[in-house]
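FYI, in the working numbering the residues of the sequence shown are 7 to 105. Shown next, in structure tokens, is the structure this report addresses.
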Amino acid sequence: MKIVRVQYTTTPEYAPINIANIAGIVKELKELNYVGIKYGTWILPDGKTFMHFDHFENEEDHQLLISLESFKKFDTELWASGLEIEPKLDLLSLVVSTD
7 MKIVRVQYTT TPEYAPINIA NIAGIVKELK ELNYVGIKYG TWILPDGKTF
57 MHFDHFENEE DHQLLISLES FKKFDTELWA SGLEIEPKLD LLSLVVSTD
């Protein structure tokens, strides 16, 4: 299992666009009905800091996510948006979960 946490801060103006792009990723993942990827995103109280938690069964599942057209759009537009704080990526190890 591979667990990735990514956190970054957009500009206030870009946050709604980022939310829409993330929704596009979720839509495409739901259409694929692929069980090897669990993808979740949260927004912090400031309304512009995003935290993603992605659970993958293996590295191939991670590669599948980043190959999606919706993910490529999200990634390209995010980097072009003028981020306030660039993404910080952490690889996590699961200790325990109710899932």
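All C-beta atoms in this analysis are idealised placements derived from N, C-alpha and C, irrespective of residue type, glycine included. If you're wondering where the values come from, they're calculated on a predicted model, not measured in any experiment.
Residue i (DSSP reduced to helix, strand or coil)
| i | result |
| --- | --- |
| D52 | coil |
| T82 | helix |
Enclosing alpha helix (DSSP H) for residue i [first to last residue]
| i | result |
| --- | --- |
| V32 | A21 to L38 |
| L71 | E65 to S73 |
Alpha-carbon spacing of residue i relative to residue j, whole angstroms
| i | j | result |
| --- | --- | --- |
| K44 | E66 | 13 angstroms |
| L74 | A29 | 13 angstroms |
| K5 | G42 | Nothing in the structure corresponds to residue 5, since the chain is present only between 7 and 105. |
| A26 | E19 | 13 angstroms |
Cβ-Cβ distance between residue i and residue j below 8 angstroms
| i | j | result |
| --- | --- | --- |
| Y14 | L89 | yes |
| L95 | V12 | yes |
DSSP beta-bridge partners of residue i
| i | result |
| --- | --- |
| F62 | K8 and I43 |
Boundaries (first-last residue) of the beta strand (DSSP E) holding residue i
| i | result |
| --- | --- |
| P93 | I91 to L98 |
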